[in-house]
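Residue numbering for the first sequence follows our numbering, starting at 1317 and increasing by one per position.
First comes the structure, then the notes that go with it.
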Amino acid sequence: MRNVGGERRYPTIARVRLPLDTVLLARYLIGKLLVRETGNGTLSGRIVETEAYPIGDAASHAHRGMTLRNRALFLSRGHAYIYIAYGTSSMVNVSSEAVGVGAGVLIRALEPLDGIASMQRNRGVESVRDLARGPGRLAAALEVDRSQDGIDLCRPGPLRLARDDQASPEIGVSRRIGLSRETERLLRFYVRGSPFVSGPKRLNL
DNA sequence: AGTGCGATTGACT
DNA sequence: GTCAATCGCACTA
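Structure (structure tokens):
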């Protein structure tokens, strides 16, 4: 979506447009845009991979109740929950239910759009394909960390969601990645055929 | 105050 | 394909 000046526009997504269900939201977010405004300009990417962590899911950080770390999961749908995994990688999630209900959608990969040169600098990597292929990588590329935890992604600000008027991509479904206590439910969604999707090949068919 | 564990990544065989 | 680095945080006492 570009205007005549060639600059991409990022229309925000009203909260009421977000599905009121974690799994539906995970699917809905495929093809939408994640936009990061920094002092040095705009960084953005198309969401090509998500995972749902719904109500009652034993693997969800919200499963054992609200804590200092996970409280953003209990905000109304469309707020950022950001945490650090393995001491080094920040993970970007979207809260996905009503206020007081803990659930979220993990954004696992982006197709880089604007600010690619900045992302390459942030990641120390040239390959555009590898800039945001993986949850920790995309956070590093977009300069996202715990200081954006709790931000409303449905309002203008340093981190937000945006629409993109493109043909709806073909969405694939698989089990989730990287969980030790694996559930059998199909809670991972991705753009079929996209080179920007993470995960083993057999899960991306 | 101490312990154990990851919703990962990058380096390596 | 394997494997270890790394540290914030929840949990136990």
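Beta carbons are placed, not taken as given, at the ideal position from N, Cα and C, and that holds for glycine.
These figures come from a predicted structure and were not determined experimentally.
- Taking the C-beta atoms as reference points, G1488 is found nearer than 8 Å to Y1506.
- Between the stretch 1396-1407 and the stretch 1459-1467 there are three or more inter-stretch CB-CB distances shorter than 8 Å, so the stretches are counted as touching.
- If you draw a straight line from the Cα of S1405 to the Cα of V1415, it comes to about 27 Å.
- For L1349, there is no enclosing alpha helix (DSSP H); the residue is part of the beta strand (DSSP E) that begins and ends at L1349 to T1354.
- The alpha-carbon of Y1369 is positioned some 31 Å away from that of G1440.
- A distance of 8 Å or more separates the beta carbons of L1341 and L1458.
- The Cβ-Cβ distance between I1371 and A1419 falls below 8 Å.
- With respect to R1449, F1512 sits close: the two C-beta atoms are nearer than 8 Å.
- When C-alpha distances from R1343 are compared across D1461, E1367 and P1474, the shortest belongs to E1367.
- As a beta-bridge residue in DSSP terms, Y1506 pairs with E1365 and G1488.
- Annotation for L1429: R1324, L1349, S1360, G1361 and R1362 place their beta carbon closer than 8 Å to its own, counting only its chain and skipping 5 residues before and after.
- Measuring C-alpha to C-alpha distances from P1485 to each of L1334, I1346, R1333 and G1473 identifies I1346 as the nearest.
- In this structure, C1470 lies near T1328, with their beta-carbon atoms less than 8 Å apart.
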